[in-house]
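To keep things clear, I will list the structure first and then write my remarks on it.
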Ligand SMILES: Nc1nc2c(ncn2[C@@H]2O[C@H](COP(=O)(O)OP(=O)(O)O)[C@@H](O)[C@H]2O)c(=O)[nH]1
Ligand SMILES: [Mg+2]
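As structure tokens, then:
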């Protein structure tokens, strides 16, 4: 097991947070008394919990601040895409408007009327907006943050929620400065805008706020990637994993984070699909639960923006066809997932060893033994590990095509 202790430590800090201490004890005692079969029910419950976790993201700010554009960017959409939030409208609805993620309906983004357009105080505004249902608040301003923004932030904090300050349209500010000045230093100009926002908010009673300078038209630039990271980091681990999978594939780092999230599920799925419930598959050396395997690969594709909905959105954006994008990704895993495809994955997947499998299994001492050579657990684990690796490579190739088309 070579460096098992160090990899085990990493696994502990990354994986243990999906489970409460209580659940871990239950997993251990279930395994001791009833083996793998008994452990399955708790794992099934956990996977279901991961699938059903909702995320509600509130975006507030004055009319024209860029809320709708930011919501579209976070959903991986442009304003012209089907289902995108209408941009540039000066509508005066006083109700929050919800927009679902294009493929993960449990993730919703809420466009809230700016507090300045209502007659409410911060407290009654938040009550009116049903603040309890949101996981966090993004406060957007295109120019200066106001007294109202600061009051709202303080009230959000007092009520036990997180807020994030976003200064939008930074691309437009930098563009006009670039035209105005003989010498132009982007970093220095961003620094000035940032400290102006910080000092204004400081005077309004928010000491040392973090302000993210973003352009919703260029989500791979400025502070947009850092904003996404901060939003994820502020969430409890299950919600964070849902948030990460809902992010648009703006860069390779996000794709790799998605892989980390999906990897954590593989051992749970392997245990769920192995043993008594497994069915022999002609061509595979061990029995497997086909439904779990096919379902997992389809979920991987969704999380990695490789499903047909995400590819169609990207195709329209880049002026390519879905077929072009699939051809660039060069993978049989983007078509219909059938038993022969699973068998094909199983044939090549012999290199996974128990020591690799073991990284997530410290939770249940002794369970590593069920992953012995030729077991259905090992077969499922190998197939899904291989499938995820191939799909991550596809996502990176598709990203390269998208960047090339810009
Ligand atoms: N240059 C630039 N314009 C933006 C950006 N975000 C929004 N806009 C523009 O600002 C206007 C208002 O944006 P919108 O998203 O509708 O703001 P909302 O009223 O807060 O929902 C629209 O014309 C957008 O195209 C941005 O990041 N950069
Ligand atoms: Mg709007």
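In the numbering used here, the protein residues as written are 25 to 430. We treat Cβ as the ideally placed atom computed from N, Cα and C, and that holds for glycine. A quick note: this is a predicted structure, and the numbers were derived from the prediction, not measured.
Alpha carbon of residue i to alpha carbon of residue j, nearest angstrom
{"i": "residue 146", "j": "residue 92", "result": "21 Å"}
{"i": "residue 313", "j": "residue 301", "result": "7 Å"}
{"i": "residue 430", "j": "residue 249", "result": "18 Å"}
{"i": "residue 166", "j": "residue 236", "result": "12 Å"}
{"i": "residue 458", "j": "residue 369", "result": "This structure cannot settle anything about residue 458, because the visible part of the chain is limited to 25 through 430."}
{"i": "residue 391", "j": "residue 42", "result": "18 Å"}
{"i": "residue 185", "j": "residue 263", "result": "14 Å"}
{"i": "residue 468", "j": "residue 207", "result": "Outside the displayed span of the chain (25 to 430) sits residue 468, for which this structure offers no information."}
{"i": "residue 340", "j": "residue 347", "result": "12 Å"}
{"i": "residue 53", "j": "residue 161", "result": "40 Å"}
{"i": "residue 82", "j": "residue 305", "result": "47 Å"}
{"i": "residue 428", "j": "residue 421", "result": "11 Å"}
{"i": "residue 35", "j": "residue 170", "result": "Any reading at residue 35 needs caution, since the residue's pLDDT is 41, under 50, leaving its predicted position unreliable; the model's value is listed next. Computed Cα separation, rounded: 44 Å."}
{"i": "residue 187", "j": "residue 230", "result": "12 Å"}
{"i": "residue 56", "j": "residue 66", "result": "14 Å"}
{"i": "residue 261", "j": "residue 281", "result": "13 Å"}
{"i": "residue 252", "j": "residue 136", "result": "19 Å"}
{"i": "residue 80", "j": "residue 156", "result": "10 Å"}
{"i": "residue 394", "j": "residue 419", "result": "32 Å"}
{"i": "residue 214", "j": "residue 198", "result": "8 Å"}
{"i": "residue 72", "j": "residue 319", "result": "13 Å"}
{"i": "residue 196", "j": "residue 85", "result": "18 Å"}
Closer than 7 Å: residue i CB and nearest ligand 1 heavy atom
{"i": "residue 203", "result": "no"}
{"i": "residue 165", "result": "no"}
Contact test: residue i Cβ vs ligand 2 heavy atom, cutoff 7 Å
{"i": "residue 220", "result": "no"}
{"i": "residue 109", "result": "yes"}
{"i": "residue 410", "result": "no"}
{"i": "residue 135", "result": "yes"}
Extent of the continuous alpha helix (DSSP H) to which residue i belongs
{"i": "residue 76", "result": "45 to 76"}
{"i": "residue 24", "result": "Nothing about residue 24 can be read from this structure; the chain reaches only from 25 to 430."}
{"i": "residue 112", "result": "Residue 112 -> no alpha helix (DSSP H), and no H or E assigned at all."}
{"i": "residue 257", "result": "248 to 257"}
{"i": "residue 219", "result": "210 to 227"}
{"i": "residue 152", "result": "146 to 152"}
{"i": "residue 388", "result": "Here residue 388 belongs to no alpha helix (DSSP H), and DSSP marks it neither H nor E."}
{"i": "residue 346", "result": "346 to 353"}
{"i": "residue 121", "result": "Unbroken run through residue 121 is the beta strand (DSSP E), 121 to 124; no alpha helix (DSSP H)."}
{"i": "residue 424", "result": "400 to 429"}
{"i": "residue 324", "result": "314 to 327"}
{"i": "residue 204", "result": "194 to 204"}
Own chain residues within Cβ distance below 8 Å of residue i, not counting five before or after
{"i": "residue 222", "result": "232, 233, 235"}
{"i": "residue 38", "result": "Interpretation of residue 38 is limited by its pLDDT of 44, a score under 50 that renders its predicted location unreliable; the figure taken from the coordinates is listed afterwards. Closer than 8 Å at Cβ, skipping near neighbours: 284, 288."}
{"i": "residue 415", "result": "321, 324, 325, 328, 330, 355, 357"}
{"i": "residue 40", "result": "Unreliable placement is indicated for residue 40, whose pLDDT of 47 sits below 50; the coordinate value is still reported in the next sentence. Closer than 8 Å at the Cβ level, and outside the excluded window around residue 40, lie 48, 387."}
{"i": "residue 148", "result": "none"}
{"i": "residue 126", "result": "99, 100, 101, 107, 333, 334, 337"}
{"i": "residue 70", "result": "42, 43, 47, 292"}
{"i": "residue 254", "result": "188, 234, 236"}
{"i": "residue 398", "result": "309, 310"}
{"i": "residue 279", "result": "273, 328, 416, 419, 420, 423"}
Extent of the continuous beta strand (DSSP E) to which residue i belongs
{"i": "residue 82", "result": "79 to 85"}
{"i": "residue 237", "result": "235 to 237"}
{"i": "residue 162", "result": "160 to 165"}
{"i": "residue 173", "result": "First-last for residue 173: 171 to 182, but that is the alpha helix (DSSP H), not the beta strand (DSSP E)."}
{"i": "residue 191", "result": "186 to 191"}
{"i": "residue 132", "result": "131 to 135"}
Cβ-based neighbour list, residue i, same chain, cut-off 6 Å, excluding 5 preceding and 5 following
{"i": "residue 124", "result": "132"}
{"i": "residue 294", "result": "401, 404, 405"}
{"i": "residue 342", "result": "426, 429"}
{"i": "residue 121", "result": "135"}
{"i": "residue 118", "result": "137"}
Close Cβ partners of residue i (< 7 Å) along its chain, the five nearest in sequence each way excluded
{"i": "residue 286", "result": "324, 327, 412"}
{"i": "residue 243", "result": "97, 272, 274"}
{"i": "residue 114", "result": "87"}
{"i": "residue 64", "result": "295, 296"}
C-beta neighbour in chain C for residue i, strict 8 Å
{"i": "residue 202", "result": "Looking for chain C here will not work: only one protein chain is present."}
Any non-hydrogen atom of ligand 4 closer than 7 Å to residue i Cβ
{"i": "residue 356", "result": "Of the ligands this structure carries, namely ligand 1 and ligand 2, none is ligand 4."}
Next item on the list: Taking 6 Å as the limit, tell me which residues put their C-beta closer than that to any heavy atom of ligand 1, in chain order.
Entry: 85, 87, 88, 89, 90, 91, 92, 93, 111, 112, 192, 193, 195, 196, 239, 240, 241
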